[in-house]
Amino acid sequence: MGISRDNWHKRRKTGGKRKPYHKKRKYELGRPPANTKIGPRRIHTVRVRGGNKKYRALRLDVGNFSWGSECKYIISVRRLKCIFTAVAVCRTADGAEG
Numbered sequence: 008m009g010i011s012r013d014n015w016h017k018r019r020k021t022g023g024k025r026k027p028y029h030k031k032r033k034y035e036l037g038r039p040p041a042n043t044k045i046g047p048r049r050i051h052t053v054r055v056r057g058g059n060k061k062y063r064a065l066r067l068d069v070g071n072f073s074w075g076s077e078c079k080y081i082i083s084v085r086r087l088k089c090i091f092t093a094v095a096v097c098r099t100a101d102g103a104e105g
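Start counting at 1 in the sequence shown, then tack on 7, and there's your number in our numbering.
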């Protein structure tokens with residue numbers, strides 16, 4: 008089963024079920040998340056609508072970070088390691104996404 012960005016799997020405002028009235032269409036296409044890892048740079052190109060290109064970062068060793076309290080500072084730094092956070096583990100285990 009492919010990944011699609013449709014809303015037929017959701018219920019209506021009234022709580023009723025939606026009936027699919029057509030098959031999956033190309034314009035409803037979704038792709039799996041990149042889940043970028045820390046490591047030497049590896050970027051794949053993906054063809055998107057209109058023949059354009061997007062770049063999927065599979066591995067990176069740099070990233071942009073900003074602090075909420077000081078929103079004028081955005082720093083590009085080299086990441087050395089990932090610090091364990093229980094929140095991130097719980098969210099990925101559930102399959103919940105932002």
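Every residue, glycine too, gets a C-beta built ideally from N, C-alpha and C.
Just so it is clear, the structure is predicted and the values come from calculations on it, not from any experiment.
LYS17 CB to nearest heavy atom of the ligand GDP below 7 Å: What this structure holds is no ligand at all, so the ligand GDP is not there to describe.
Every unbroken beta strand (DSSP E) inside the region 59–91 [3 residues or more]: Along the region 59–91, the beta strand (DSSP E) occurs as fully enclosed runs of 3 or more residues at 60–67, 69–73, 81–85, listed in sequence order.
ASP68 vs ILE45 beta-carbon contact at 8 Å: Taking the first residue of the sequence shown as 1, we reach residue 68 at position 61. Taking the first residue of the sequence shown as 1, we reach residue 45 at position 38. A contact, by the Cβ cut-off of 8 Å.
Cross-strand partners of ARG18 (DSSP beta bridge): Here residue 18 corresponds to residue number 11 of the sequence shown, with the count starting at 1. Answer is LYS24, bridged to ARG18.
Beta-carbon contacts of GLY70 that lie in its chain and below 8 Å, excluding the five residues immediately before and after: For the purposes of this step, residue 70 is identified with residue 63 of the sequence shown, where counting begins at 1. Answer for GLY70: SER83, VAL84, ARG86, listed in chain order.
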